[in-house]
Amino acid sequence: MSATDPRLLSAYNRELLYLRRRSAEFAEDNRQVAGLLGLDAPTDPDPHVERLMEGVAFLNARVRVKMEEEFPRFTQSLLEALYPHYLAPTPAMAIVALKPMKGDATPPKGVLHERGSTLMASLSGDMTQPVQFTTGQDVTLLPLTVMAVEYLPTRAAIAAACGEALGEAGLRFRIEATSAAPLSALTIDRLPLFLGGSGDVPGLLYQQLLDDSLGVRLAAPERGRKQSWIERAGAVVPHGFGPEEALLPDEQRSFGGYRLLAEYFAMPQKFRFICLTGLAAGFARADRALDIVIPLKRAVPQLASAVADDSLLPFVTPVINLFEKRFDRVLVDQRQSEHIVLPDRTAALDFEVYRLDSVTGFATEDMVGTPALPLYARRVERGAKPLYYTLRRRLRRLTEAETRRRREGDYIGTEAWISLSSPGNPALAGGIIELGARGLVTNRALSTRLRPGAALLELTMMDMKATGGIEMLIGPTRPQPPMGMVDSGWRIISHLAPGRDGFVRADGAPDALADHLSLYLRDQSPVMRREIQGLSGLTSRLVTRRANGSSRLAFLRGQRLTLELAWNSYEAGTAYLFSTVVARFLADFATINSFAECEVKADNGLSWHWRHLARDVDGEGLWTGRRPTI
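In our numbering, the protein residues as written are 1 to 630.
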């Protein structure tokens with residue numbers, strides 16, 4: 001607590017007002033004594049008595065603020081052991097498209113940009129510190145382009161495209177080679193695509209391709225459509241839900257299903273990816289082009305004129321402003337109980353601590369150092385007396401100049417303070433003079449200065465192999481402070497209740513699930529708030545399913561959850577994606593050796609059923625829960 005803490009001034013004014021009121025009451029009841037104390041003349045008080053009351057009010061205010069800090073300290077310590085990701089800020093996220101070099105610069109086998117690649121973003125001539133992003137998916141650049149994307153709104157249109165009416169509607173597009181090598185030289189079986197565009201189009205198309213798809217048809221146009229159509233060549237599957245496509249880092253101490261919710265409410269566009277599978281046979285027969293038609297079991301007329309070439313985009317990945325960094329040394333003053341952790345002292349406001357991965361304490365003339373463990377670390381040998389640390393976060397204190405310039409909604413960020421202890425060996429912590437640390441950091445509020453399409457926006461990768469350019473399609477989103485700080489800590493603790501009791505209530509009310517989801521409403525988005533408010537019911541019944549993929553005949557007992565939605569609470573195309581994320585979360589939330597399948601029913605008659613959620617692309621194996629039983 002510093003002298004500039006705004007809570008201190010407020011508490012001081014309350015304490016001083018209380019003392020003056022009580023002194024006035026005392027003066028009315030004890031006029032003779034009040035005269036001796038200088039309390040009988042409120043309009044002309046004794047200056048010495050005034051200074052005394054002000055001093056007492058100041059001391060009481062400090063005690064009050066310290067007492068108010070005790071509960072946040074308790075919740076932070078509890079969350080550090082159970083849900084440490086709730087104490088970390090939510091970094092800025094964005095969607096970027098990589099553009100392959102034209103001609104033969106991209107080899108037929110493709111060029112892989114692995115997940116975790118570094119991307120730098122800056123404004124030309126306006127930023128001394130670039131914003132560093134990390135990619136969230138593998139991107140393989142190939143010498144091809146997706147073009148001529150067209151929505152077929154009638155049975156006649158799809159019959160004209162495929163030679164027979166395969167559905168009520170369809171989506172047709174073409175893949176063309178951009179190098180001298182034919183498409184048959186490309187070893188492709190899967191092609192991830194991002195659903196671009198604006199308004200309702202991406203959401204409606206996402207629902208159509210994943211819920212209404214009747215397979216994938218492939219044809220090489222050079223060889224005649226009637227003879228070369230490959231029936232049931234592949235399938236359309238969702239992309240972006242697996243741990244290999246995660247943006248936020250995995251936290252071993254937390255239930256992994258919460259990552260889906262955190263990512264969805266931070267940037268729902270992160271899940272607007274699909275993947276076409278089973279394409280190898282079509283590419284093997286293609287020369288310069290390959291036509292793809294996806295028949296659909298129902299038509300959405302408004303997509304007929306809205307779908308365009310930018311509706312299906314290859315070579316796209318989400319990125320996050322989160323990266324690993326070695327911190328500057330922390331100078332330890334034994335007269336202080338806490339020490340501020342600064343990733344870079346020369347640019348303290350450009351970096352914010354997300355997580356500490358390793359801490360090492362150094363004593364005088366100690367070149368090796370002593371590893372420090374989190375206070376609640378489990379990997380401690382019996383009889384060992386190691387060095388421990390605790391990390392406390394608090395909102396950053398603004399300077400007077402920053403307070404004057406600050407606009408409503410500006411991101412302030414947090415500060416990280418570290419303290420040391422060595423139970424059973426106090427001399428160990430007492431001899432530490434410096435701390436070295438590594439961890440994950442963000443660029444705090446620097447990303448808020450970036451805007452997609454800005455003329456001065458420069459995007460580069462550390463390795464630009466076969467990359468002709470980079471375009472930011474969406475974002476970056478605004479960074480958000482930790483959920484487990486300030487007044488929301490008690491709400492985070494409520495995460496413990498569903499772990500014991502589940503989300504289903506006897507009266508079918510979805511309040512427990514809705515409260516759980518509302519914890520992730522970081523920017524108070526009215527659209528997403530309406531999505532949660534659209535939950536109107538949640539019921540369950542026990543079911544038994546065969547464990548697919550097992551070498552033995554085995555059965556599992558689980559729950560069939562029925563989630564009811566009020567359709568008017570959702571914008572066009574958002575209900576299906578929201579339901580998909582919630583269904584995946586509920587499937588993960590089932591306990592180990594059990595499962596949960598989800599059915600969603602809307603009050604307009606639409607329904608979706610996720611029965612056999614599979615952990616792999618081929619759909620083998622029943623999706624069992626991941627939540628520990630304890």
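Glycine included, C-beta positions come from ideal geometry on N, C-alpha and C.
Q | Those runs of the beta strand (DSSP E) which lie wholly inside the region 167 to 224 and span at least 3 residues | A | 169 to 177, 191 to 195 and 216 to 219
Q | Nearest residue (CA-CA) to P638, options L214, L59 and G116 | A | The question about residue 638 has no answer, for the chain in this structure spans 1 to 630.
Q | Residue interval of the alpha helix (DSSP H) (run including E50) | A | P47 to L82
Q | Rounded separation between A121 and G136 - CA only | A | 16 Å
Q. When the Cα of M101 is compared with those of S124, L144 and L82, which residue comes out closest?
A. L144
(Q) Considering only DSSP beta bridges, list what F273 is partnered with. (A) F194 and H239
Q. For Q252, does the three-state DSSP call read helix, strand or coil?
A. coil
**Q.** G257 versus L513: straight-line alpha-carbon distance, rounded
**A.** 14 Å
Q: Sort L473, V359, E458 and R355 by Cα distance to E415 and report the nearest one.
A: R355
Q: Go through the region 446 to 482 residue by residue and report every complete run of the beta strand (DSSP E) that reaches 3 residues or more, in order.
A: 457 to 461 and 467 to 474
Q.
Please list the terminal residues of the continuous alpha helix (DSSP H) segment that includes I532.
A. P526 to Q533
Q. When we look at the beta-carbon of T624 and count the other beta-carbons within 10 Å, is it buried (16 or more) or exposed?
A. buried
Q) Does the separation of the CB atoms of R172 and L279 fall below 8 Å? A) no
Q: Can you check DSSP and say which residues form a bridge with R285?
A: In DSSP, R285 forms no bridge with anything.
**Q.** Euclidean distance between Cα positions of Y388 and P482
**A.** 23 Å
Q. Are the Cβ atoms of G468 and A445 separated by less than 8 Å?
A. no
Q) Can the beta-carbon of S184 be found less than 8 Å from the beta-carbon of G103? A) no
Q: Would you be able to state if there are at least three C-beta pairs under 8 Å between the region 205 to 221 and the region 236 to 249?
A: yes
Q: Would you tell me roughly how many angstroms separate the C-alpha atoms of L457 and A437, rounded to the nearest one?
A: 32 Å
(Q) Quick test of your reading: L112 and F585, contact by CB under 8 Å. State the CB separation rounded to the nearest angstrom. (A) Rounded, the Cβ-Cβ distance is 30 Å, inconsistent with contact.
Q | Alpha-carbon spacing of T364 relative to W417, whole angstroms | A | 22 Å
Q: Determine the direct distance from the alpha carbon of L119 to that of L139, and round the result to whole angstroms.
A: Here residue 139 is Val; the residue named in the question, Leu, does not match the sequence. If you take the alpha carbons of V139 and L119, they lie about 13 Å apart.
Q.
If the criterion is Cβ atoms closer than 8 Å, does the pair V293 and F133 meet it?
A. no
Q.
So, under 8 Å CB-CB, P89 and P479 are touching, yes? Tell me the CB distance rounded to an integer number of Å.
A. 6 Å
Q: Please report how far the alpha carbon of L553 lies from the alpha carbon of S421, in whole angstroms.
A: 54 Å
Q | Separation of L375 from G558, as counted between CA atoms | A | 37 Å
Q. Which residues bound the beta strand (DSSP E) around V359?
A. E352 to A363
Q) Just reading off the beta strand (DSSP E) that V341 is part of, what are its end residues? A) H339 to V341
Q: For P108, count neighbouring Cβ atoms within 10 angstroms of its own Cβ and tell me buried if that reaches 16, exposed if not.
A: buried
(Q) Measuring CB atoms only, is the region 562 to 569 touching the region 526 to 536, in the sense that at least three cross pairs come out at less than 8 Å? (A) yes
Q: Assign G430 to one of two classes, buried (16 or more other C-beta atoms within 10 Å of its C-beta) or exposed (fewer than that).
A: exposed
Q: Could you have a look at R307 and say whether DSSP puts it in helix, strand or coil?
A: What sits at residue 307 in the sequence shown is Val, not Arg. Three-state result, V307: coil.
Q: Please determine, among G502, P510, R560 and R546, the residue with the shortest C-alpha to C-alpha distance to R627.
A: G502
Q) From A11 to F26, what distance separates their C-alpha atoms? A) 22 Å
Q. If L517 sits next to S540, beta carbons under 8 Å apart, how far is it from one beta carbon to the other, in whole angstroms?
A. 17 Å between Cβ atoms; not a contact.
Q. What residue from R449, G439 and K385 has the CA that sits closest to P423's CA?
A. K385
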